[in-house]
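Novice: This is the structure I want to talk about, given as structure tokens.
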Amino acid sequence: MPPTATTIPPTPIPPTPTATPAAVLAPDPKYANVYVYTIEEQANDGRSLLNVAYPVLENPAINTTLRTLSESFIDEWRTTAAEQEALYQDYLRRTGEVAVSVVANYVQHFDVTLANADLISLSIERYRFTGGTGSTEVTGYIFDRRSGAELGPADLFTSDAYLERLSTLSRQELERRVQTEAAESQFDSPAVRDQWLSGMLEMIRGGTEPVPDNFDGLLFHEDGTLHIQFDKYQVGPGSSGVVTVVLPVESVADLLTPKLLRLLSTVKPELMHTPTPTATPPPAAVDCSQVPCVALTFDDGPSIYTEHLLDILAEHHAHATFFVLGKSAKVQAKTILRMAREGHEIGNHSWSHPSFKELNAEQILEQVDPTNKLVAELTGTAPRLFRPPYGRVTQDVLAAVPMPVILWSLDPLDWQDRDADLVAQRLSQAKNGGILLAHDIFTTTVQAMPAVLTSLTERGFHFVTVTELLAPTVPLPGHVYDHRTAH
Ligand code: NI
0 MPPTATTIPP TPIPPTPTAT PAAVLAPDPK YANVYVYTIE EQANDGRSLL
50 NVAYPVLENP AINTTLRTLS ESFIDEWRTT AAEQEALYQD YLRRTGEVAV
100 SVVANYVQHF DVTLANADLI SLSIERYRFT GGTGSTEVTG YIFDRRSGAE
150 LGPADLFTSD AYLERLSTLS RQELERRVQT EAAESQFDSP AVRDQWLSGM
200 LEMIRGGTEP VPDNFDGLLF HEDGTLHIQF DKYQVGPGSS GVVTVVLPVE
250 SVADLLTPKL LRLLSTVKPE LMHTPTPTAT PPPAAVDCSQ VPCVALTFDD
300 GPSIYTEHLL DILAEHHAHA TFFVLGKSAK VQAKTILRMA REGHEIGNHS
350 WSHPSFKELN AEQILEQVDP TNKLVAELTG TAPRLFRPPY GRVTQDVLAA
400 VPMPVILWSL DPLDWQDRDA DLVAQRLSQA KNGGILLAHD IFTTTVQAMP
450 AVLTSLTERG FHFVTVTELL APTVPLPGHV YDHRTAH
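Below is the structure:
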């Protein structure tokens, strides 16, 4: 949505900058009433370079904040440039060799990601290159464009629960990315690959711990997404640079303050009508090495019975894993979103449930990728687990699908016997650590669930997602899992 120029007072053209001759003020090509202030400077015959840009708006308070931030960066550059120059002169004296490259190069960019009459969201990216190494950090800023106040986490989110949510969602997405990379890249041996993967997973865990510093790069975008930007080295090696995870705003809508929802309403009017989350908070994370657990899994949905099933699971505080078909998820997007919101895991069960036996690698991916993409678009998190149609695992499937394969330890044959009592009786035989198969496309299966949940609860079981069941094991692509193994 383009900014509505009529409701924003015009930006008074600031006086011609006098700081340095190289400072320039120009209109932002993308947004009305946003000017770009650029400062270029060099020192010591061009051995140290500075390039700083920041936005200038109609609001003096915002301008002061951004100018102050930028000036501290410039001061830092001056200090660093002087230090580096002294080192360089010393080197020159000793060796007589002229520097081949810049000794201190500082660059600050900004990007406005959303601007309307009420709100402006922008990122400032800073690159510092000193004595042969560079680092990049990125910080998100959100301002109330009328009052000029910077909106911090307390203005954006109703409670600290946002940290857990962003941690979980971004961690899932980043883990999925490295698992895909592990499956698709060449390694000298599986051991080398597993070592690489475990190192990457450790970085991701550290960089996504639910603490404010890890989530200081939040940006709202015009397309209704929330971008989480991680500094270089925060969640991956330097070669990854700044890493971004994109979530639909809906995935955190229940945690946003009314003030922010109001500010975002020109971008996402429907957010104003987001239902309040279910009254019961999700149960604390369950440690399946300490308590009996089972993972209920439902295949082939979502269907017209799934919403009722979600009601039943909520009543019993049970989490489940849904191996969904892309074609059904597409028509029941709201059900998918509800699954994600209520703490269920969404796995991939192909797009249209063909037998994979007749498919080549390319055709297999044509079944798998669009389902991942769709679920990621809907919930902000792509599925991490795959279950092939009919549970048919072949070497071709293991080689082609860059996701761990999840089967089951108990099949109640609910597709064959459409008898709620019989299905309930069979599922109630579950053993600790088991993965239970069921189908949310049969009304009899859904009817069986209250009895299953009641009897297994009486036996002390906790109902967890497959990922929770297998933890701390992180399932790997190319491997098959059908129950929890002891550690
Ligand atoms: Ni199936």
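Counting in numbering that gives the first Met the number 0, the sequence shown runs from 0 upward without gaps. The beta-carbon is built from N, C-alpha and C at its ideal position, and this holds for glycine as well. Remember, predicted model here, so these are calculated numbers, not experimental data.
Let's test the definition: count the other Cβ atoms within 10 Å of the Cβ of residue 303 and tell me whether it reaches 16, buried, or not, exposed.
Specialist: In the sequence shown, counting from the first residue as 1, residue 303 sits at position 304. That one is exposed.
Novice: Return yes when the Cβ of residue 419 is within less than 9 Å of the Cβ of residue 455, no when it is not.
Specialist: Walking along the sequence shown from the start, residue 455 turns up at place 456. Walking along the sequence shown from the start, residue 419 turns up at place 420. Not closer than 9 Å, so no.
Novice: Is DSSP giving residue 138 helix, strand or coil here?
Specialist: Residue 138 sits at position 139 when you count from the first residue of the sequence shown. In the structure shown, residue 138 sits in a strand (DSSP, three-state: E or B).
Novice: Measuring only from the beta carbon, is residue 439 closer than 8 Å to any heavy atom that is part of ligand 1?
Specialist: Counting from 1 along the sequence shown, the entry for residue 439 is found at position 440. Outside the cutoff, so no.
Novice: How close, in whole Å, do the beta carbons of residue 346 and residue 386 come, if the pair is a contact with beta carbons under 8 Å?
Specialist: Within the sequence shown, the letter at position 347 stands for residue 346. Within the sequence shown, the letter at position 387 stands for residue 386. Correct: roughly 6 Å between the Cβ atoms.
Novice: Could you work out which residue in 379, 286 and 358 is closest to residue 485 when comparing CA atoms only?
Specialist: Taking the first residue of the sequence shown as position 1, residue 485 is located at position 486. Cα-wise, what sits closest to residue 485 is 286.
Novice: Could you tell me the alpha carbon to alpha carbon distance between residue 73 and residue 216, rounded to whole angstroms?
Specialist: Locating residue 73 in the sequence shown gives position 74, where the first residue counts as 1. Locating residue 216 in the sequence shown gives position 217, where the first residue counts as 1. Their Cα atoms are separated by approximately 21 Å.
Novice: Apart from the five residues on each side of it in sequence, which residues of its chain come closer than 8 Å, Cβ to Cβ, to residue 464?
Specialist: Counted from its first residue, the sequence shown places residue 464 at position 465. Excluding positions up to five away in sequence, the list reads 294, 318, 319, 320, 342, 343 and 344.
Novice: Determine the extent of the beta strand (DSSP E) in which residue 434 is found, giving its start and end residues.
Specialist: Looking up residue 434 in the sequence shown gives position 435. 433–438 is the span of the beta strand (DSSP E), which, as asked, contains residue 434.
Novice: Between residue 434 and residue 405, is the Cβ-Cβ spacing less than 9 Å?
Specialist: As a working note, residue 434 is residue 435 in the sequence shown. As a working note, residue 405 is residue 406 in the sequence shown. Yes, Cβ-Cβ distance for residue 434 and residue 405 is below 9 Å.
Novice: Nearest-angstrom Cα distance between residue 493 and residue 66?
Specialist: With the chain covering 0 to 486 only, the question about residue 493 has no answer from this structure.
Novice: Under a three-way DSSP split, which group does residue 470 fall into?
Specialist: Position 471 of the sequence shown, counted from the first residue, corresponds to residue 470. Note: residue 470 maps to coil in three-state DSSP.
Novice: Less than 9 Å separating the beta-carbons of residue 224 and residue 247?
Specialist: Against the sequence shown, residue 224 aligns to sequence position 225. Against the sequence shown, residue 247 aligns to sequence position 248. For residue 224 and residue 247, yes; Cβs fall inside 9 Å.
Novice: Can you check the segment 187–240 for any alpha helix (DSSP H) of at least 4 residues that lies completely inside it and give the ranges in chain order?
Specialist: As far as the segment 187–240 is concerned, its whole alpha helix (DSSP H) runs of at least 4 residues are 189–206.
Novice: In whole angstroms, give me the CA-to-CA distance for residue 357 and residue 157.
Specialist: Taking the first residue of the sequence shown as 1, we reach residue 357 at position 358. Taking the first residue of the sequence shown as 1, we reach residue 157 at position 158. Approximately 51 Å, taken between the alpha carbons.
Novice: CA-CA distance, residue 331 and residue 300?
Specialist: In the sequence shown, counting from the first residue as 1, residue 331 sits at position 332. In the sequence shown, counting from the first residue as 1, residue 300 sits at position 301. Each residue's alpha carbon lies about 9 Å from the other.
Novice: Report, in whole angstroms, the separation of the C-beta atoms of residue 451 and residue 423, which I expect to be a contact under 8 Å.
Specialist: Along the sequence shown, one-based indexing puts residue 451 at 452. Along the sequence shown, one-based indexing puts residue 423 at 424. The pair is a contact, with the Cβ atoms about 5 Å apart (cut-off 8 Å).
Novice: Which class does residue 17 belong to by DSSP, given the choice of helix, strand or coil?
Specialist: Indexing the sequence shown from 1 puts residue 17 at position 18. Only weak support is given to the placement of residue 17: the predicted model assigns it a pLDDT of 48, under 50, and the value that follows is read from those uncertain coordinates. Correct three-state label for residue 17: coil.
Novice: Using DSSP's beta-bridge definition, name the partner residues of residue 129.
Specialist: On the sequence shown, position 130 is the one that residue 129 refers to. DSSP lists 103 and 132 as partners of residue 129.
Novice: CA-CA distance, residue 473 and residue 253?
Specialist: Within the sequence shown, the letter at position 474 stands for residue 473. Within the sequence shown, the letter at position 254 stands for residue 253. Each residue's alpha carbon lies about 29 Å from the other.
Novice: Shortest alpha-carbon distance to residue 166 belongs to which of 126, 213, 120 and 110?
Specialist: Numbered from 1 along the sequence shown, position 167 holds the residue referred to as residue 166. Checked all of 126, 213, 120 and 110; the closest Cα to residue 166 is 213.
Novice: So, at 6 Å on beta carbons, what are the nonlocal neighbours of residue 325 in its own chain, with the 5 sequence-adjacent residues on each side left out?
Specialist: Within the sequence shown, residue 325 is the residue found at index 326, counting from 1. So the qualifying residues of the chain are 350, 369, 370 and 373.
Novice: Determine the burial state of residue 137: buried for a count of at least 16 other Cβ atoms within 10 Å of its Cβ, exposed for fewer.
Specialist: Here residue 137 refers to the residue found at position 138 of the sequence shown. Per the 10 Å Cβ criterion, buried.
Novice: Taking residue 258 and residue 159 to be in contact with their CB atoms under 8 Å, please state how far apart those CB atoms are, rounded to whole angstroms.
Specialist: To locate residue 258, count along the sequence shown from 1; it is residue 259. To locate residue 159, count along the sequence shown from 1; it is residue 160. Not a contact, Cβ separation roughly 17 Å.
Novice: Report buried or exposed for residue 231, applying the criterion of at least 16 other Cβ atoms within 10 angstroms of its Cβ.
Specialist: For the purposes of this step, residue 231 is taken as residue 232 along the sequence shown, with counting starting at 1. When all chains shown are included, residue 231 counts as buried.
Novice: For residue 348, count neighbouring Cβ atoms within 10 angstroms of its own Cβ and tell me buried if that reaches 16, exposed if not.
Specialist: The residue labelled residue 348 in the question sits at position 349 within the sequence shown. Counting Cβ neighbours within 10 Å, residue 348 comes out buried, since at least 16 surround it.
Novice: Between the segment 167–184 and the segment 127–136, are three or more C-beta pairs nearer than 8 Å?
Specialist: No: the two stretches stay apart, fewer than three of their Cβ pairs being nearer than 8 Å.
Novice: Cβ of residue 388 within 8 Å of any heavy atom in ligand 2?
Specialist: As for ligand 2, it is missing from this structure, which binds only ligand 1.
Novice: For a test of your reading of the model: does the CB of residue 322 fall under 8 Å from any non-hydrogen atom of ligand 1? Yes or no.
Specialist: Sequence index remark: in the sequence shown, residue 322 carries index 323 (1-based). Within the cutoff, so yes.
Novice: Looking at residue 413 and ligand 1, is the gap between the Cβ and the nearest heavy atom below 8 Å?
Specialist: If you number the sequence shown from 1, residue 413 lands on position 414. Flag unset: Cβ of residue 413 not near ligand 1.
Novice: Beta-carbon within less than 6 Å of residue 382's beta-carbon, same chain only, minus the 5 sequence neighbours each way: which residues are those?
Specialist: By 1-based counting over the sequence shown, the position of residue 382 is 383. Hits under 6 Å: 345, 346, 347, 371 and 374.
Novice: Using DSSP with H/G/I as helix, E/B as strand and the rest coil, what is residue 36?
Specialist: In the sequence shown, the residue the question calls residue 36 occupies position 37. It is a strand residue.
Novice: Considering Cα atoms alone, identify which of 298, 135, 51 and 204 is closest to residue 170.
Specialist: Here residue 170 corresponds to residue number 171 of the sequence shown, with the count starting at 1. Nearest of 298, 135, 51 and 204 to residue 170, Cα basis: 204.
Novice: Nearest to residue 50 by CA position, among 399, 90, 124 and 233, is which residue?
Specialist: For this step, residue 50 is matched to residue 51 along the sequence shown. Out of 399, 90, 124 and 233, 124 has the C-alpha closest to the C-alpha of residue 50.
Novice: Buried or exposed: which applies to residue 393, given that a residue is buried once 16 or more other Cβ atoms fall within 10 Å of its Cβ?
Specialist: Walking along the sequence shown from the start, residue 393 turns up at place 394. By the 10 Å Cβ count, residue 393 comes out exposed.
Novice: When every heavy atom of ligand 1 is checked, does at least one fall within less than 8 Å of the C-beta of residue 348?
Specialist: As a first step, residue 348 is located in the sequence shown; it is residue number 349 there, counting from the start. Checking the Cβ of residue 348 against ligand 1 gives yes.
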